[in-house]
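Reading the sequence shown from the start, the letters are residues 128 to 519 in this note's numbering. Think of the CB as a built atom: it goes at the ideal place given N, C-alpha and C, for glycine as much as any other residue. Quick notes on the structure that follows.
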Amino acid sequence: MEKIYMDNAATTRVTEPVLEAMLPYFCGTFGNPSSIHGFGREAKKALDNARAQVARAMNAEPAEIYFTGCGTESDNWAVRGAAYANIKKGKHLITSQIEHHALINTCGQLEKEGFEVTYLPVDEFGRVDMDALEKAIRPDTTLISVMTANNEVGTIQPIAEIGRIAHEHGVLFHTDAVQAIGSVKIDVKAMNIDMLSLSGHKFHAPKGVGALYVRKGVRLQRLIYGGEQERGQRAGTENMASIVGLGKAIELATENIDAHNAQVSAVRDRLIDRILAEIPYCRLNGHRTDRLPGNCNVSFQFIEGESMLLGLDMQGIAASTGSACASGSLDPSHVLLAMGLPHEIAHGSIRLSVNEENTLEQADKVVDALKQVVDRLRGLSPLYDDFLASQK
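Written out as structure tokens, the structure is:
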């Protein structure tokens with residue numbers, strides 16, 4: 128049985144060029160980049176190179192890049208760090224209802240600590256309401272945080288416009304670009320971004336490494352106290368092999384982004400077009416065109432998403448019901464509910480996320496398998512029987 132992996136939004140494999148770049152830093156070039164001897168200087172050179180690679184990928188300066196352990200850590204640092212660094216101005220933050228739990232739960236904790244948070248609504252496609260954003264800004268607003276592209280439904284937000292509005296009101300703007308890096312062209316200067324979070328394992332770097340872009344002049348509360356690593360803001364000896372892998376992976380992901388997106392979009396569109404045409408009573412979630420090139424999120428009436436996943440897994444196909452970080456929850460997706468889907472339809476959703484390693488042939492095999500799974504599950508569903516009877 129051919130195994131087909133279509134859960135790349137959850138994580139991607141480390142590719143051979145990335146692994147090859149990392150290997151010397153496990154055994155050969157093992158020095159501590161904070162040491163001043165030759166071993167340390169060699170490691171420091173690699174650290175500086177990776178920082179420059181990440182900076183070039185988003186038109187930033189190397190000194191504006193801080194390495195972290197993951198996207199969640201970057202989100203936490205950006206939001207909490209900015210909230211507390213600017214507490215004298217105010218204690219009001221703005222975000223959206225469809226952010227990743229790394230943002231939503233961080234804001235929830237800040238509310239417990241005395242901050243106020245406005246959660247912006249989204250339309251049926253998952254786009255933030257710009258009028259609601261303007262109206263939400265207050266004199267004591269210090270930060271707006273809206274993700275570049277949604278991890279579940281793939282909708283891409285008008286980031287440059289959100290950043291412009293934030294700056295017109297003297298408010299900092301942070302974006303969670305964890306799903307966007309490598310799929311969306313990012314220019315932090317042109318897009319009015321003050322802080323940006325990313326995570327390496329979404330674009331073929333290893334798990335356990337990320338980065339936070341912080342525009343020069345933006346003040347954040349220190350994340351980890353200790354030594355002077357990461358310019359005194361995040362103490363702890365750097366994860367050198369993973370950081371080198373992150374630098375190589377982001378370089379590869381962004382240098383051929385147009386060709387990459389065209390290839391991936393073709394596979395995504397094959398999935399979407401065939402599913403909508405050949406499986407009745409389903410709907411595409413997210414914006415049809417303003418979406419990530421690899422995202423296909425569909426809701427199927429009368430059945431549950433988890434049952435579909437198990438059926439696909441039995442045929443060697445990996446997919447998800449949404450965010451892998453919430454896979455243990457029995458609640459329907461907060462993203463789909465915010466977009467207006469009723470609970471029962473939100474429960475029947477799956478996400479197929481593809482990248483450049485997936486093919487049109489694989490897309491066809493997945494749709495063929497999905498049709499079988501949906502037919503079998505609906506055949507067991509009393510809700511579907513009742514619906515069919517009502518149509519007679």
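For LEU150, the nearest candidate out of LEU439, ALA182, LYS375 (CA to CA): Working through the sequence shown from its first residue, we reach residue 150 at position 23. With respect to the C-alpha of LEU150, the residue from LEU439, ALA182, LYS375 having the closest C-alpha is LYS375.
Straight-line Cα distance separating VAL336 from ALA380: Counting from one through the sequence shown, the residue named residue 380 turns up at place 253. Counting from one through the sequence shown, the residue named residue 336 turns up at place 209. Rounded to the nearest angstrom, the two C-alpha atoms are 16 angstroms apart.
Given LYS334 as reference, the closest of SER272, ALA404, THR139 once Cα atoms are compared: Here residue 334 refers to the residue found at position 207 of the sequence shown. LYS334 has its Cα closest to that of THR139, out of SER272, ALA404, THR139.
Whether THR222 touches SER162 by CB criterion (7 angstroms): Stepping through the sequence shown from its first residue, residue 222 is reached at position 95. Stepping through the sequence shown from its first residue, residue 162 is reached at position 35. Going by C-beta atoms, THR222 is not nearer than 7 angstroms to SER162.
Counterpart residues of TYR132 in DSSP-defined beta bridges: Within the sequence shown, residue 132 is the residue found at index 5, counting from 1. Bridge partners of TYR132: ALA445.
Residue environment, SER447, which counts as buried when at least 16 other CB atoms sit within 10 Å: Locating residue 447 in the sequence shown gives position 320, counting from the first residue. Counting Cβ neighbours within 10 Å, SER447 comes out buried, since at least 16 surround it.
Strand pairing of ASP303, partner residues [DSSP]: For the purposes of this step, residue 303 is identified with residue 176 of the sequence shown, where counting begins at 1. Answer is SER324, bridged to ASP303.
Every unbroken beta strand (DSSP E) inside the stretch 367 to 445 [3 residues or more]: The DSSP assignment places 409 to 411, 422 to 427 as complete runs of the beta strand (DSSP E) inside the stretch 367 to 445, in order along the chain (cut-off: 3 residues).
Helix, strand or coil at LEU247 according to DSSP, with G and I counted as helix: Numbered from 1 along the sequence shown, position 120 holds the residue referred to as residue 247. In this structure, LEU247 counts as strand in the three-state DSSP scheme.
Classification of ALA307 by the beta-carbon crowding that lies within 10 angstroms, buried from 16 upward: Stepping through the sequence shown from its first residue, residue 307 is reached at position 180. Result: buried.
Neighbourhood of ARG346 by C-beta, 6 angstroms cutoff - its chain only, sequence neighbours within 5 removed: Counting from one through the sequence shown, the residue named residue 346 turns up at place 219. Taken in chain order, the residues that qualify are ALA212.
Extent of the continuous alpha helix (DSSP H) to which VAL141 belongs: By 1-based counting over the sequence shown, the position of residue 141 is 14. No alpha helix (DSSP H) holds VAL141; DSSP gives it neither H nor E.
Contact between the stretch 267 to 282 and the stretch 417 to 427 (3+ Cβ pairs under 8 angstroms): Taking a cut-off of 8 angstroms for Cβ pairs, the stretch 267 to 282 and the stretch 417 to 427 touch, as three or more such pairs fall below it.
Outcome for CYS154 when other beta-carbon atoms lying within 10 angstroms are tallied against a minimum of 16: Here residue 154 is taken as the residue at index 27 of the sequence shown, counted from 1. Burial call: exposed.
For SER480: DSSP bridge partner residues: On the sequence shown, residue 480 is found 353 positions in, with the first residue counted as 1. For SER480, which the question treats as bridged, DSSP gives the partners ASP134, ASN422.
In DSSP terms, what PHE242 is bridged to: Position 115 of the sequence shown, counted from the start, is the residue given in the question as residue 242. In DSSP, PHE242 forms no bridge with anything.
Rounded separation between TYR246 and VAL206 - CA only: On the sequence shown, position 119 is the one that residue 246 refers to. On the sequence shown, position 79 is the one that residue 206 refers to. The C-alpha of TYR246 lies about 14 angstroms from the C-alpha of VAL206.
Contacts around ARG265, its chain only, beta-carbon distance under 8 angstroms, and the 5 residues preceding and following it disregarded: Taking the sequence shown and counting its residues from 1, one reaches residue 265 at position 138. Non-local beta-carbon contacts of ARG265 in its own chain, meaning distances under 8 angstroms to residues more than five positions away in sequence, involve GLY217, HIS219 in chain order.
Cβ shell of GLY372 (< 8 angstroms), same chain only, five flanking positions each side left out: Looking up residue 372 in the sequence shown gives position 245. Here the set comprises VAL141, VAL145, LEU146, ALA148, MET149, GLY327, ALA332, PRO333, VAL336.
Residues bridged to TYR152 [DSSP beta-bridge criterion]: In the sequence shown, counting from the first residue as 1, residue 152 sits at position 25. In DSSP, TYR152 forms no bridge with anything.
Distance between LYS519 and GLU226 (C-alpha atoms, nearest Å): Reading the sequence shown from its first residue, position 99 is the one you call residue 226. Reading the sequence shown from its first residue, position 392 is the one you call residue 519. In a straight line, the C-alpha of GLU226 is about 42 angstroms away from that of LYS519.
MET318 vs GLY290 beta-carbon contact at 7 angstroms: Position 191 of the sequence shown, counting from 1, holds the residue named residue 318. Position 163 of the sequence shown, counting from 1, holds the residue named residue 290. Yes, they are a contact pair.
Terminal residues of the beta strand (DSSP E) in which PHE520 lies: Not covered by the structure: residue 520. The range shown for the chain is 128 to 519.
Alpha carbon of LEU339 to alpha carbon of GLY443, nearest angstrom: Translated into positions along the sequence shown, residue 339 becomes position 212. Translated into positions along the sequence shown, residue 443 becomes position 316. Going from the Cα of LEU339 to the Cα of GLY443 covers about 36 angstroms.
Distance CB(ASP202)-CB(SER310) smaller than 7 angstroms: By one-based count along the sequence shown, residue 202 stands at place 75. By one-based count along the sequence shown, residue 310 stands at place 183. With contacts defined by Cβ atoms closer than 7 angstroms, ASP202 and SER310 do not form a contacting pair.
Terminal residues of the alpha helix (DSSP H) in which LEU497 lies: Within the sequence shown, numbered from 1, the residue matching residue 497 stands at position 370. Segment 487 to 506, the alpha helix (DSSP H) holding LEU497.
Reduced DSSP secondary structure (H/G/I, E/B, other) of ILE192: On the sequence shown, residue 192 is found 65 positions in, with the first residue counted as 1. If DSSP states are grouped into helix, strand and coil, ILE192 belongs with the strands.
Rounded C-alpha distance that separates TYR132 from LYS329: By 1-based counting over the sequence shown, the position of residue 132 is 5. By 1-based counting over the sequence shown, the position of residue 329 is 202. Distance between the alpha carbons of TYR132 and LYS329: 14 angstroms.
ALA338, DSSP secondary structure in three states: For the purposes of this step, residue 338 is identified with residue 211 of the sequence shown, where counting begins at 1. ALA338: strand per DSSP, three-state reduction.
Reference GLY467, options GLY363, PHE252, HIS164, GLY359, closest by Cα: The sequence position of residue 467 within the sequence shown is 340, counting from 1. For the set GLY363, PHE252, HIS164, GLY359, the Cα lying nearest the Cα of GLY467 is the one of PHE252.
Coarse secondary structure for SER161, derived from DSSP in three states: Reading the sequence shown from its first residue, position 34 is the one you call residue 161. The answer is coil: DSSP assigns SER161 none of H, G, I, E or B.
PRO459 versus GLN224: straight-line alpha-carbon distance, rounded: Within the sequence shown, numbered from 1, the residue matching residue 459 stands at position 332. Within the sequence shown, numbered from 1, the residue matching residue 224 stands at position 97. Taking the CA atoms as reference points, PRO459 sits about 14 angstroms from GLN224.
Coil, strand or helix - VAL255 by DSSP: If you number the sequence shown from 1, residue 255 lands on position 128. Of the three classes helix, strand and coil, the one that applies to VAL255 here is strand, per DSSP.
Residue range of the unbroken alpha helix (DSSP H) whose run includes LEU515: In the sequence shown, counting from the first residue as 1, residue 515 sits at position 388. That run of the alpha helix (DSSP H) goes 509 to 517.
Buried or exposed (CB count within 10 angstroms, at least 16 for buried), ASP267: Walking along the sequence shown from the start, residue 267 turns up at place 140. That one is exposed.
Straight-line Cα distance separating VAL255 from GLU240: To locate residue 240, count along the sequence shown from 1; it is residue 113. To locate residue 255, count along the sequence shown from 1; it is residue 128. Going from the Cα of GLU240 to the Cα of VAL255 covers about 26 angstroms.
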